[in-house]
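Remarks on the structure that follows.
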Amino acid sequence: MNLPSELSFPFLIARLEEELLSFRTMIKNLPLRPSEEAINNLLNRSIMLLQGGITLFEGLNNPTLQDDIRKSALNVARDTVESVKELYDRLENHYPLFLDTVTVFFEPLSEKLNHLLKVLEGDPPRDIDYGELSEVLGEIVSTLEVYFSALQRLEKFEL
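In our numbering, the protein residues as written are 26 to 184.
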């Protein structure tokens, strides 16, 4: 996998910040009973944002990364996981879908997301294994891709 270069990493951070802002706006304006299309769109966008988080974690493994870029990447990664969890919590209140039934490494998804947020809380130490965080987030993404794909197939089957 290609890791971002020193020059492209800040652009990746900026792009993810833009996507995150748009995602948060969509969550904020989500009606009480969103359409199936709106839910599927948000679920797909949540996956894309988490994939961006994987790339951030991979880039954070670079020991020569400048401190300001490192801090910015960590903030975006934390905000990404936080925003995605906020969406899932909000959807779970109306449509109990997956937070407690989908498991990642034998833990419910909600616990795994909370664990990631706790690790990223405050000013994490420099000795965090970002490769491991990338793997955990990658496993979450893989699990959700399979789960959401199965949900969409079931919806089509029910029609």
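Ideal Cβ placement from N, Cα and C applies to all residues, glycine included.
Other residues of its chain near residue i: CB distance less than 6 Å, five sequence neighbours each side excluded
i, result
"I153", "none"
"L38", "For clarity, residue 38 is Ile in the given sequence; the question names Leu instead. These residues qualify, in order along the chain: S97, A98 and V101."
"N118", "none"
CB-CB length for residue i against residue j, believed under 8 Å
i, j, result
"F173", "L75", "Not really, about 12 Å apart at Cβ, beyond 8 Å."
"V144", "L158", "7 Å"
Continuous alpha helix (DSSP H) stretch holding residue i: start and end
i, result
"F34", "S33 to K53"
"I153", "No alpha helix (DSSP H) contains I153, which DSSP labels as neither H nor E."
"S215", "Residue 215 lies beyond the residue range present for the chain, which begins at 26 and ends at 184; the question has no answer from this structure."
"Q76", "E61 to L85"
Contact set for residue i: own chain, Cβ-Cβ below 7 Å, skip 5 residues either direction
i, result
"E183", "Per-residue confidence for E183 stands at a pLDDT of 46, beneath the threshold of 50, marking its modelled position as unreliable; the derived number appears in the next sentence. Within the same chain, E183 has no close Cβ partners at all."
"L112", "I52, L67 and S71"
Beta-carbon gap between residue i and residue j smaller than 9 Å
i, j, result
"L134", "T105", "no"
"L41", "G78", "yes"
"F48", "S108", "yes"
Residues near residue i in its chain [Cβ-Cβ closer than 8 Å; skip 5 each side]
i, result
"M26", "The pLDDT assigned to M26 is 44, lower than 50, so where the model puts this residue is not dependable; a value taken from the coordinates is nonetheless given after this. Same-chain partners within the cutoff: E83."
"E146", "R103"
For the pair the segment 97-110 and the segment 75-89, tell me if three or more CB-CB distances fall below 8 Å.
yes
Should the segment 133-152 be regarded as contacting the segment 46-57, the criterion being three or more beta carbon pairs within less than 8 Å?
no
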